[in-house]
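For reference, the structure discussed in these notes is given below.
See the structure below:
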């Protein structure tokens, strides 16, 4: 498989993760979406549900990892790739490491809490016993635009209340 084909696959799967992020947006959640893929099939999906579930751990990545583990009936996701629209935070990076994902592909960088290259690189920390491949910037503009649109809408709503 050529590099062009591989990147086309990454873009295709990221677009599915973006659809998950759009669901979060529609529900008033920070628009982050994630899917887990194994053997060219989605085995888990999730979008942020922190507000809905009143659960600070209900991030898209954690929900997608949990769903994939249930689908595969395994706590290990060694042959799986996680596609997520935003660089994982420290909690999600820890879940990625603990689930032994093979690869993480993400869209937008997170300057404030990114733990897969920006502030930290937990998935590739040589002190840990599992190394995760990382690919960043896939569909970055679309992922960033969704987040920027969400926060602009939030600011506008707050301004109209004040």
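Numbering (our numbering), first residue to last: -6 to 155.
Every residue gets a Cβ at the ideal spot worked out from N, C-alpha and C, and that includes glycine.
Residue range of the alpha helix (DSSP H) that includes residue i
| i | result |
| --- | --- |
| residue 9 | -4 to 19 |
| residue 51 | That residue, residue 51, is in no alpha helix (DSSP H); it is neither H nor E in DSSP. |
| residue 75 | No alpha helix (DSSP H) holds residue 75; the beta strand (DSSP E) holding it covers 74 to 79. |
| residue 82 | Here residue 82 belongs to no alpha helix (DSSP H), and DSSP marks it neither H nor E. |
Residue closest to residue i, alpha-carbon to alpha-carbon, out of the options
| i | options | result |
| --- | --- | --- |
| residue 55 | 66, 71, 147, 25 | 25 |
| residue 47 | 65, 108, 21, 117 | 21 |
| residue 77 | 30, 10, 41 | 10 |
| residue 16 | 124, 151, 42 | 42 |
| residue 14 | 39, 50, -5 | 39 |
| residue 98 | 29, -4, 49 | 29 |
| residue -1 | 53, 145, 119, 33 | 33 |
| residue 45 | 35, 19, 58 | 19 |
| residue 95 | 135, 70, 3 | 70 |
DSSP three-state assignment for residue i, whether helix, strand or coil
| i | result |
| --- | --- |
| residue 111 | coil |
| residue 149 | helix |
| residue 117 | helix |
| residue 36 | strand |
| residue 63 | helix |
| residue 68 | coil |
| residue 93 | coil |
| residue 43 | helix |
| residue 106 | coil |
Cβ-heavy atom distance, residue i to the ligand NAD, below 7 Å
| i | result |
| --- | --- |
| residue 47 | Among the ligands in the structure shown, none appear at all, so the ligand NAD cannot be discussed. |
Interface flag, residue i vs chain D, CB-CB below 8 Å
| i | result |
| --- | --- |
| residue 36 | Judged by its chain identifiers, the structure shown contains no chain D, having just a single protein chain. |
N-terminal and C-terminal residue of the beta strand (DSSP E) that residue i is part of
| i | result |
| --- | --- |
| residue 130 | Residue 130 -> no beta strand (DSSP E), and no H or E assigned at all. |
| residue 96 | 96 to 101 |
| residue 27 | 26 to 31 |
If we count Cβ pairs, one from each stretch, closer than 8 Å, do we get three or more for the region 108 to 115 versus the region 77 to 94? yes
Please determine if the region 122 to 142 and the region 60 to 67 are in contact, where contact requires at least 3 C-beta pairs separated by less than 8 Å. no
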